[in-house]
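What the sequence shown shows, in the working numbering, is residues 57 to 409, in sequence order.
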Amino acid sequence: YWAPIIDGESGYFMSFNRNKKSIAIDLKKDKGREIVYKLIKISDVVIENFREGVPEKLGIDYKTLKEIKPDIIYCSIRGFGSGSPYESRPLYDVLVQAKSGLMDLHTIDNNPPIRVAFALFDVIAGLIASNAILSALVSRSLTREGAHIEVSLFDSAIFGLSYIAESFLLTGKVPRYRYSEHPSIVPYQAFKCRDGKWIAVAVTHDKFWANFCKALGLEELIDDPRFRTNPDRVKNREILIKILEEKFMLRSRDEWVKILDSYDVPNAPVLSLDEVFKDAHVVSSGIVQEVYHKGLGRKVPLLAPPLKIRGERPRIESAPPKLGQDVFEILQMLGYSDEKIRELLEEKVVYYR
């Protein structure tokens, strides 16, 4: 239900719910739980994202569902996780970005903290959960045993900090980031160009350093003792960056892309979203697919999985459903008659919009 709202449908909802069926059930009602229990009998995996203790109150916790289906794979995605001093607290991505240290890493001087624009740690936690579920399914095929998986959103964030966290643990020093800079690699950042647009470069190896200098017409810097190796460049970062900033202002962004490409220097234009979806790769890759949406009565563009299997990108089979859209189909599959389904709708045990 979050913006943008397109003809009554949430674009936010549409971004996550392709290829899914929807049934809305009141879990506080006995008849609602009865539906869930019937679904469990024919399911392999359950994923829940409630606060600690809520599944037990609703009667849909792992212990209860395991009695119904002993080999069920049950995944709980929690804010902090069981046993944490904060286990009962609600947690959202912006709070994780704050508490994990990510916001502070990108805070410059006394300016306001910067939030990564999308729900970064929600995505990471979801990927970790999916990997754990797949592992549990493989294990079940060998042992015939189910599993209860718990994924902590906050722990996923700490894990996602990766080499940044490890660097701190090893040295006790907090790395500082200014805008797009990298604390350990120079140059590895974005530069402003003559037309006001930006280009990012990643000079990660000495080969790239030599090519980079040639592309910019700065051959004299290749063997300059201040910049010859990456440790030298990190040490003399401010001097080098000032030279490079002045140089990049001599040409437009797109001119620099062509020049750097011709010298095999890793680079990318800093694109706006409207430029992204006109990019040659995005247009040709099939990452955007158009699918008919029943609620809107027309096709809508949706993001497809970022992978290929046997050379083919998976197709989006169905657009995101309206809330409860598939209630009749799902309940009929469970053996409910149309009359009984209408009764459940009247009693608000199930709902559709």
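Backbone N, C-alpha and C define an ideal beta-carbon position, used for all residues, glycine too.
| Check | Outcome |
| --- | --- |
| Between Pro-325, Thr-285, Arg-107 and Pro-370, which lies nearest to Pro-146 when the distance is taken from Cα to Cα? | Arg-107 |
| What residue from Glu-368, Arg-171 and Arg-354 has the CA that sits closest to Ser-340's CA? | Glu-368 |
| Just mark Phe-174 as buried or exposed, buried being the case when its beta carbon has 16 or more other beta carbons within 10 Å. | exposed |
| Counting Cβ pairs closer than 8 Å, one from the segment 196–213 and one from the segment 248–261, do we hit at least three? | no |
| Output needed for Asn-73: all residues of its chain with C-beta closer than 8 Å, excluding positions within five of it in sequence on either side, in chain order. | Pro-376 and Pro-377 |
| Going by beta-carbon coordinates alone, are Trp-254 and Val-207 separated by less than 8 Å? | no |
| Between Leu-357 and the rest of its own chain, which residues show a CB-CB distance below 7 Å, the 5 nearest in sequence each way excluded? | Sequence check: residue 357 is Pro here, not Leu. Val-344 and Glu-346, listed in sequence order. |
| Rounded to whole angstroms, what is the Cα-Cα separation between Ser-99 and Ala-246? | 48 Å |
| Excluding the 5 residues flanking Lys-109 on each side, which residues of the same chain have their C-beta closer than 8 Å to its C-beta? | In the sequence on display, residue 109 carries Gly and not Lys. Ser-144, listed in sequence order. |
| Thinking Ile-124 and Ile-96 are a contact (beta carbons under 8 Å), I'd like their distance in whole angstroms, please. | 5 Å |
| Based on DSSP bridge pairs, tell me the residues matched to Trp-254. | Lys-248 |
| By DSSP, does Ile-220 sit in helix, in strand, or in coil? | helix |
| Skipping 5 residues on each side, what residues in its chain have a beta carbon closer than 7 Å to that of Asn-286? | Ile-241 and Val-242 |
| Since Glu-4 is in the alpha helix (DSSP H), which residue starts that stretch and which ends it? | Lying before the first or after the last residue shown, residue 4 is absent from the chain, which here runs from 57 to 409. |
| Output the boundary residues of the alpha helix (DSSP H) element that contains Pro-287. | 286–291 |
| From what residue to what residue does the beta strand (DSSP E) around Pro-146 run? | Element bounds for Pro-146: n/a, residue is neither H nor E. |
| Where does Glu-108 sit, in a helix, a strand or coil, going by DSSP? | coil |
| With 16 as the cutoff for other CB atoms within 10 Å, does Met-70 come out buried or exposed? | buried |
| Determine the direct distance from the alpha carbon of Asp-288 to that of Leu-183, and round the result to whole angstroms. | 38 Å |
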